[in-house]
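In this note's numbering, the protein residues as written are -13 to 430.
Next comes the structure, spelled out in structure tokens:
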């Protein structure tokens, strides 16, 4: 009997301790005492009850790399747990590891191909990871199985938009994908905002007004839709309507650059230069080097009470649009280097570009380059001689003459500059001999 009781106690005691421990941990979770939760559970033990609690506590404390280890420890035991895959993907996304998140969603989609949530998350992760071609393929496969899905067309439009950076023709495909999404669900705010943005980009402002006004019949609070709506009115020069919509956006605490900029433009169109100035100034603070902002801010300032400021703004605009000599010199240096290697342009065009570079950086070594092209490519020995002399005069003046009158190195050392100067000395000799023989032939 004694042995039986002892045996039962040995079995029940761990269960009581386990139950007490679980209660304490869950109490800590409820009290948001996450440090206590973390300290009470062994790391990466793979326990299906406690490991998720530890992982969630780590996430709450922004310790995502540790949380990913906890979720992975559960996948080691059962790689088909989609709930763990979703949590793991969330951790990866939070730490900008989008490719790893994509792999989690892809695995979940493979396990449950009919689950639209998993497929949608997989495609969105592809878009974030800029895997646009693969995202297109996934969307088209989805549409092949479910042509009524507005979400599939919307995501397809986003994928084509992403491809548009490299392949501009893809923007037309994006437009039609958004149209297809809109025809299936005209009240999806993201579809409406993206379609209206493309219509504005294509200067189809009336159509942008139409789709956004249709959406506003049921929801007047969406900021993205209202921005496109307000911009379209501004571009149509319906300034009263534009001002009304943009001011409503400001009341919603929208501080976006476009809201300030287009509101400023609308007030300028109404000749209210003071309001135009204030809103354009807000846009300027967000993008101080935007030419359009500087241009309109200068005009609004001059027509208002900030005439001296207006002068400074237009000076800034000119500085932004006119590259400095140092920038231009760097650009022409690369141009000359590329032309030297490719030699696609004519010799005379290349010579002109080298002259422009010299005007910017005053590097006398460029005279040699010009002389060399005249000598070797155009066979214009007179111009070659002229520029070689300019080069040697500059070398002598700057005390960089490395050869003697015979073209031999003064100190016995060889360098690229020594070679160039030696070549020029030989060229001078050749030209003197040529002149001697030409002048030495006397007519009887």
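Even for Gly, the Cβ is constructed at its ideal location relative to N, Cα and C.
In this text, all values refer to a predicted model and were calculated from it rather than measured experimentally.
Run through DSSP, which three-state label would residue 228 get?
In the chain shown, residue 228 corresponds to position 242, counting from 1. When DSSP states are grouped into helix, strand and coil, residue 228 belongs to the helix group.
Return helix, strand or coil for residue 287, following the three-state DSSP convention.
Locating residue 287 in the chain shown gives position 301, counting from the first residue. The answer is helix: DSSP assigns residue 287 an H, G or I state.
Extent of the continuous alpha helix (DSSP H) run through residue 166
If you number the chain shown from 1, residue 166 lands on position 180. From DSSP, the alpha helix (DSSP H) with residue 166 extends over 156 to 170.
Starting from residue 389, follow its DSSP beta bridges and name the residues at the other end.
For the purposes of this step, residue 389 is taken as the residue at position 403 of the chain shown. 395, per the DSSP bridge assignment.
If you check the beta carbons only, do residue 191 and residue 221 fall under 8 Å apart?
Here the question's residue 191 lines up with position 205 in the chain shown. Here the question's residue 221 lines up with position 235 in the chain shown. Yes. Within cutoff.
Roughly how many angstroms separate the alpha carbons of residue 139 and residue 149, rounded to a whole number?
Position 153 of the chain shown, counted from the first residue, corresponds to residue 139. Position 163 of the chain shown, counted from the first residue, corresponds to residue 149. When rounded, the distance between both Cα atoms is 15 Å.
So, under 8 Å CB-CB, residue 151 and residue 164 are touching, yes? Tell me the CB distance rounded to an integer number of Å.
For the purposes of this step, residue 151 is identified with residue 165 of the chain shown, where counting begins at 1. For the purposes of this step, residue 164 is identified with residue 178 of the chain shown, where counting begins at 1. That belief does not hold up - the Cβ atoms of residue 151 and residue 164 are roughly 17 Å apart, past 8 Å.
Less than 8 Å between the beta carbons of residue 30 and residue 55, yes or no?
As a working note, residue 30 is residue 44 in the chain shown. As a working note, residue 55 is residue 69 in the chain shown. Taking 8 Å as the Cβ cut-off, residue 30 and residue 55 qualify as a contacting pair.
Suppose you measure from the CA of residue 44 to the CA of residue 263; what does that come to, to the nearest Å?
As a working note, residue 44 is residue 58 in the chain shown. As a working note, residue 263 is residue 277 in the chain shown. Using only the alpha carbons, I get a separation of about 49 Å.
Just reading off the alpha helix (DSSP H) that residue 111 is part of, what are its end residues?
Position 125 of the chain shown, counting from 1, holds the residue named residue 111. First-last of the alpha helix (DSSP H) with residue 111: 102 to 114.
Pull up the distance between the alpha-carbon of residue 376 and that of residue 356, whole angstroms please.
Translated into the one-based positions of the chain shown, residue 376 becomes position 390. Translated into the one-based positions of the chain shown, residue 356 becomes position 370. Using only the alpha carbons, I get a separation of about 10 Å.
Do residue 287 and residue 299 have their C-beta atoms closer together than 8 Å?
Locating residue 287 in the chain shown gives position 301, counting from the first residue. Locating residue 299 in the chain shown gives position 313, counting from the first residue. Cβ distance < 8 Å, so residue 287 and residue 299 count as in contact.
Compare the Cα-Cα distances from residue 92 to each of 383, 71 and 360 and report the closest residue.
On the chain shown, residue 92 is found 106 positions in, with the first residue counted as 1. The closest CA to that of residue 92, considering only 383, 71 and 360, is found on 71.
Quick check on this structure: which residue in 240, 232, 239 and 28 has the alpha carbon closest to the alpha carbon of residue 250?
Along the chain shown, read from residue 1 onward, the residue named residue 250 stands at position 264. Nearest in C-alpha terms to residue 250, of all of 240, 232, 239 and 28, is 232.
Who are the near neighbours of residue 292 in its chain, counting only those whose CB is closer than 6 Å to its CB and skipping five residues on each side?
Walking along the chain shown from the start, residue 292 turns up at place 306. Within the same chain, residue 292 has no close Cβ partners at all.
What is the rounded straight-line gap between the Cα of residue 77 and the Cα of residue 315?
As a first step, residue 77 must be located in the chain shown, where it is residue number 91. As a first step, residue 315 must be located in the chain shown, where it is residue number 329. Rounded to whole angstroms, residue 77 to residue 315 spans 48 Å at the Cα level.
Cβ atoms of residue 156 and residue 146: under 8 Å apart, would you say?
Taking the chain shown and counting its residues from 1, one reaches residue 146 at position 160. Taking the chain shown and counting its residues from 1, one reaches residue 156 at position 170. Against a cut-off of 8 Å, the Cβ pair of residue 156 and residue 146 comes out as a contact.
What does the Cβ neighbour count give for residue 144, buried or exposed, with the cut at 16 atoms within 10 Å?
What you label residue 144 is simply residue 158 of the chain shown in a count that begins at 1. When all chains shown are included, residue 144 counts as buried.
Mind reading off the beta-carbon distance from residue 174 to residue 183? Whole number of angstroms is fine, and I expect it under 8 Å.
One-based indexing of the chain shown puts residue 174 at position 188. One-based indexing of the chain shown puts residue 183 at position 197. Residue 174 to residue 183, Cβ: 14 Å. No contact.
Look at the Cβ atom of residue 112, then the Cβ atom of residue 100, and state whether they are nearer than 8 Å.
Within the chain shown, residue 112 is the residue found at index 126, counting from 1. Within the chain shown, residue 100 is the residue found at index 114, counting from 1. For residue 112 and residue 100, no; Cβs fall outside 8 Å.
Using a Cβ-Cβ cut-off of 8 Å (strictly less than) and excluding sequence neighbours within five positions of residue 429, which residues of its own chain qualify?
As a working mapping, residue 429 is identified with position 443 in the chain shown. Caution is warranted here: a pLDDT of 48 is assigned to residue 429, below 50, making its placement in the model unreliable, and the coordinate value is therefore given only provisionally. Cβ neighbours of residue 429 beyond the five flanking positions: none.
Chain-order list of residues whose beta-carbon lies under 8 Å from that of residue 423 (same chain, five-residue window excluded):
Taking the chain shown and counting its residues from 1, one reaches residue 423 at position 437. Nothing meets the Cβ criterion.
Closer than 7 Å by C-beta to residue 265: which residues in its own chain qualify, once you throw out the five before and the five after it? Chain order, please.
Locating residue 265 in the chain shown gives position 279, counting from the first residue. Cβ within range, chain order: 246, 249, 250 and 253.
Check whether the stretch 406 to 416 and the stretch 385 to 393 are in contact - that is, three or more C-beta pairs closer than 8 Å.
Output reads yes: the stretch 385 to 393 touches the stretch 406 to 416.
Could you tell me the boundaries of the alpha helix (DSSP H) in which residue 26 lies?
Here residue 26 is taken as the residue at index 40 of the chain shown, counted from 1. Counting along the chain, residue 26 sits inside the alpha helix (DSSP H) bounded by residues 20 to 26.
Does residue 67 come out as helix, strand or coil in the three-state DSSP assignment?
Here the question's residue 67 lines up with position 81 in the chain shown. Looking at residue 67 - three-state DSSP - the assignment turns out to be coil, as it is neither helix nor strand.
For residue 118 and residue 67, the rounded distance between their alpha carbons
Residue 67 sits at position 81 when you count from the first residue of the chain shown. Residue 118 sits at position 132 when you count from the first residue of the chain shown. Residue 67 and residue 118: Cα-Cα distance of roughly 28 Å.
Nearest residue (CA-CA) to residue 374, options 96, 352 and 342
As a working note, residue 374 is residue 388 in the chain shown. Checking every option, the nearest Cα to that of residue 374 belongs to 352.
Return helix, strand or coil for residue 222, following the three-state DSSP convention.
Within the chain shown, the letter at position 236 stands for residue 222. The answer is coil: DSSP assigns residue 222 none of H, G, I, E or B.
In whole angstroms, what separates the C-alpha of residue 35 from that of residue 128?
Here residue 35 corresponds to residue number 49 of the chain shown, with the count starting at 1. Here residue 128 corresponds to residue number 142 of the chain shown, with the count starting at 1. Each residue's alpha carbon lies about 36 Å from the other.
Please name the residue in 108, 393 and 195 whose C-alpha comes closest to that of residue 84.
Stepping through the chain shown from its first residue, residue 84 is reached at position 98. The residue with the shortest Cα to Cα distance from residue 84 is 108.
Buried or exposed, going by whether 16 or more other CB atoms sit within 10 Å of the CB of residue 418?
Residue mapping note: residue 418 aligns to position 432 of the chain shown, counting from 1. Exposed: under 16 other Cβ atoms inside 10 Å.
Looking only at its chain, what residues have a beta carbon closer than 6 Å to the beta carbon of residue 141, apart from the 5 residues adjacent to it on each side?
Walking along the chain shown from the start, residue 141 turns up at place 155. Closer than 6 Å at the Cβ level, and outside the excluded window around residue 141, lie 109 and 125.
Measure the Cβ-Cβ separation of residue 354 and residue 339 and say whether it is below 8 Å.
In the chain shown, counting from the first residue as 1, residue 354 sits at position 368. In the chain shown, counting from the first residue as 1, residue 339 sits at position 353. In this structure, residue 339 does not lie closer than 8 Å to residue 354 by Cβ.
Which of helix, strand or coil does DSSP assign to residue 217?
For the purposes of this step, residue 217 is identified with residue 231 of the chain shown, where counting begins at 1. Helix at residue 217.
Along the alpha helix (DSSP H) that carries residue 297, what are the first and last residues, could you check?
Here residue 297 is taken as the residue at index 311 of the chain shown, counted from 1. That run of the alpha helix (DSSP H) goes 293 to 307.
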